[in-house]
């Protein structure tokens, strides 16, 4: 699999580190309940199809990327810098 | 009391103990030549929310524009190489005046001196691309990687930054930069990969 980094161009998978689903956002640590925090840290969907996920280009530009990938076919629809992503774009 | 030399620390060249002048591998006409680049100044520049002020400063102090894409802007004395979004590598061919330059630039960027933290080589020759292709997934073909292009990638799991400079008399030329602590590992990969083409090594005595 190759990912088209918006900064560096098409690069091999081994240059990247996977984080996972991009959608969870951290609950406010002071106000969060234990179960909300547990959800955020441990619980993930395992969808079949499109998923917006976070990848880190550690051997390249060292930027976080939001990658919209089909988990069934590995087809990548879009890659944008994580700080420019629209939340919930894949949903 | 007389000042005595008590430290065990001694200056050491960036490729000392690894690169030695001579030819490695095939003894015919070398297909690739390496020149160690020594005595250069390096620093990383990171612009905060806006890099326009930094751009004006580099233009004024160095006559160079900040590259906005993976490119290297090089003059005879200095260079600015794209190193990620809003980050650049500053290089100076000589360290004279380098610390003053960094002080001037620190007004508009977070500056980190890296002169002793990097090892640099100039690689050139007819087969230089064949050697780079063994290590990198980046396409360095003439058409895909013209003079001035830069890339951040990894060779044999070692993080590298490299860019293409003006062609030399022996063909395409690249300058390549690695973390100094990885110089030994990198050299071992390079020497093994370049040997089949005839690998000529020159140590810069600067």
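Residue numbers (the numbering used here), protein chains in the order written: chain A, 3 to 93; chain B, 2 to 207. Where is the CB? At the ideal position from N, CA and C, for every residue including glycine. Predicted model only: the values in this text are computed from it and were never measured.
With DSSP collapsed to three states, give me the class of residue i.
{"i": "residue 41 of chain A", "result": "helix"}
{"i": "residue 189 of chain B", "result": "helix"}
{"i": "residue 145 of chain B", "result": "coil"}
{"i": "residue 104 of chain B", "result": "helix"}
{"i": "residue 129 of chain B", "result": "helix"}
{"i": "residue 182 of chain B", "result": "helix"}
{"i": "residue 174 of chain B", "result": "strand"}
{"i": "residue 165 of chain B", "result": "strand"}
{"i": "residue 92 of chain A", "result": "Interpretation of residue 92 of chain A is limited by its pLDDT of 47, a score under 50 that renders its predicted location unreliable; the figure taken from the coordinates is listed afterwards. Three-state result, residue 92 of chain A: coil."}
{"i": "residue 13 of chain A", "result": "strand"}
{"i": "residue 194 of chain B", "result": "helix"}
{"i": "residue 154 of chain B", "result": "strand"}
Is there at least one Cβ from chain A nearer than 8 Å to residue i's Cβ?
{"i": "residue 191 of chain B", "result": "no"}
{"i": "residue 225 of chain B", "result": "Absent from the structure is residue 225 of chain B, since the part of chain B shown begins at 2 and ends at 207."}
{"i": "residue 105 of chain B", "result": "no"}
{"i": "residue 147 of chain B", "result": "no"}
{"i": "residue 113 of chain B", "result": "no"}
{"i": "residue 118 of chain B", "result": "no"}
{"i": "residue 138 of chain B", "result": "yes"}
{"i": "residue 73 of chain B", "result": "no"}
{"i": "residue 154 of chain B", "result": "yes"}
{"i": "residue 86 of chain B", "result": "yes"}
Report yes or no: is there a C-beta of chain B within less than 8 Å of the C-beta of residue i?
{"i": "residue 76 of chain A", "result": "no"}
{"i": "residue 34 of chain A", "result": "no"}
{"i": "residue 87 of chain A", "result": "no"}
{"i": "residue 61 of chain A", "result": "yes"}
{"i": "residue 14 of chain A", "result": "yes"}
{"i": "residue 65 of chain A", "result": "yes"}
{"i": "residue 83 of chain A", "result": "yes"}
{"i": "residue 17 of chain A", "result": "yes"}
{"i": "residue 10 of chain A", "result": "yes"}
On the CB-based measure, 16 or more other CB atoms within 10 Å of its CB, does residue i come out buried or exposed?
{"i": "residue 93 of chain A", "result": "Its pLDDT being 41, under 50, residue 93 of chain A is placed unreliably in this model, and the value from its coordinates should be taken loosely. So residue 93 of chain A ends up on the exposed side."}
{"i": "residue 208 of chain B", "result": "Chain B is shown only over 2 to 207; residue 208 of chain B falls outside these bounds and no answer can be derived."}
{"i": "residue 167 of chain B", "result": "exposed"}
{"i": "residue 5 of chain A", "result": "buried"}
{"i": "residue 75 of chain A", "result": "exposed"}
{"i": "residue 139 of chain B", "result": "buried"}
{"i": "residue 96 of chain B", "result": "exposed"}
{"i": "residue 54 of chain A", "result": "buried"}
{"i": "residue 49 of chain A", "result": "exposed"}
Can you determine whether any heavy atom of the ligand SAM sits closer than 7 Å to the C-beta of residue i, and answer yes or no?
{"i": "residue 65 of chain B", "result": "The model depicted lacks the ligand SAM and carries no ligand whatsoever."}
Query raised in the report: Looking at C-beta atoms only, is the number of pairs between the stretch 122-131 of chain B and the stretch 18-30 of chain A that lie closer than 8 Å three or more?
Result: no
Query raised in the report: Fully enclosed by the stretch 2-49 of chain B, which beta strand (DSSP E) runs are 3 residues long or longer?
Result: 23-25, 33-38 and 42-47
Query raised in the report: Is it a yes or a no for the stretch 83-93 of chain B touching the stretch 39-54 of chain B, going by three-plus beta-carbon pairs under 8 Å?
Result: As far as the Cβ criterion goes, the stretch 83-93 of chain B touches the stretch 39-54 of chain B, which means the pair count is three or higher.
**Report entry** Ranges of the alpha helix (DSSP H) found wholly within the stretch 17-80 of chain A, counting only runs of at least 4
**Finding:** Here the runs fully enclosed are 36-44.
Query raised in the report: Okay, do the stretch 6-15 of chain A and the stretch 34-43 of chain A touch, 3+ Cβ pairs below 8 Å being the bar?
Result: Between the stretch 6-15 of chain A and the stretch 34-43 of chain A, the count of Cβ pairs shorter than 8 Å is below three; the stretches do not touch.
Query raised in the report: Contact between the stretch 152-170 of chain B and the stretch 20-30 of chain B: three or more CB pairs below 8 Å?
Result: no
Report task. For the stretch 66-92 of chain B, list the beta strand (DSSP E) runs that are entirely contained and at least 3 residues long, ordered along the chain. Result -> Counting whole runs of 3 or more residues, the stretch 66-92 of chain B contains the beta strand (DSSP E) stretches 73-75 and 79-83.
**Report entry** Stretch-stretch touch, CB-based, cutoff 8 Å, three pairs: the stretch 99-114 of chain B with the stretch 4-13 of chain B
**Finding:** no
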